[in-house]
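Asks: In full-length UniProt numbering, the protein residues as written are 1 to 146.
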Amino acid sequence: MEVNAAFVDDVYDAVKATDVYRDFFVGKTIVIILDNAPAHSQAEDLIKNRGDLELLRLGPYSPMCNPIEGCFSVLKARIKAFLVFNADQMFDLPYGEKTERRMRLLENAADHGIECMDLRLVNRMARHSAHAVAAAARNEPMQYGL
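Below you can see the structure in the form of structure tokens.
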């Protein structure tokens with residue numbers, strides 16, 4: 001849990017260091033969206049020291065309102081596709097090398113998949129989440145998997 005609080009702290013510092021923040025958002029509140037996972041509870045202690053940081057905790061079962069969830073979904077799909085395409089590398093390995101070789105394959109899959117994480121994807125997921133939040137504000141039923 002301390003790792004999550006440290007990550008939120010790192011995100012906060014990274015945002016404050018950007019030119020975009022300095023040019024357009026100085027003096028504005030930084031909002032970090034979190035799901036309701038118990039692992040995020042220590043992050044709330046962090047904001048007591050940060051007057052310009054607000055943590056927005058989403059309700060349960062609302063990943064469509066969190067843009068990072070869509071980005072992770074795309075990343076996981078690319079990793080799975082890479083692993084399926086390279087499945088032969090996971091089998092017929094000499095005893096004692098399976099764990100190391102599979103870990104290397106997973107790292108290669110992550111390296112391959114991370115290429116999809118770009119500004120275009122983040123913007124697309126932010127728009128998707130904005131539509132979901134607007135629909136929720138209008139009390140419309142949520143649609144999953146679209």
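Glycine residues also receive a C-beta, built at the ideal position from the N, C-alpha and C atoms.
Where does Ala109 land, buried or exposed, given buried means 16+ other C-beta within 10 angstroms?
Replies: Classification for Ala109: buried.
Asks: Does DSSP classify Glu54 as helix, strand or coil?
Replies: The answer is strand: DSSP assigns Glu54 an E or B state.
Asks: May I have a chain-ordered list of the alpha helix (DSSP H) segments no shorter than 4 residues that lie completely inside the UniProt domain "Tc1-like transposase DDE" (23 to 81)?
Replies: Listed in chain order, the complete alpha helix (DSSP H) runs (minimum 4 residues) inside the UniProt domain "Tc1-like transposase DDE" (23 to 81) are 43 to 46.
Asks: Between which two residues does the alpha helix (DSSP H) harbouring Thr99 extend?
Replies: Looking at the DSSP string, the run of the alpha helix (DSSP H) that includes Thr99 is 98 to 113.
Asks: Quick check on Ser129: buried or exposed, where buried means 16 or more other Cβ atoms within 10 Å of its Cβ?
Replies: Its Cβ being crowded by 16 or more others within 10 Å, Ser129 is buried.
Asks: With DSSP run on the structure shown, which of helix, strand or coil describes Phe7?
Replies: Helix.
Asks: Taking only three categories from DSSP, how would you classify Phe85?
Replies: It is helical.
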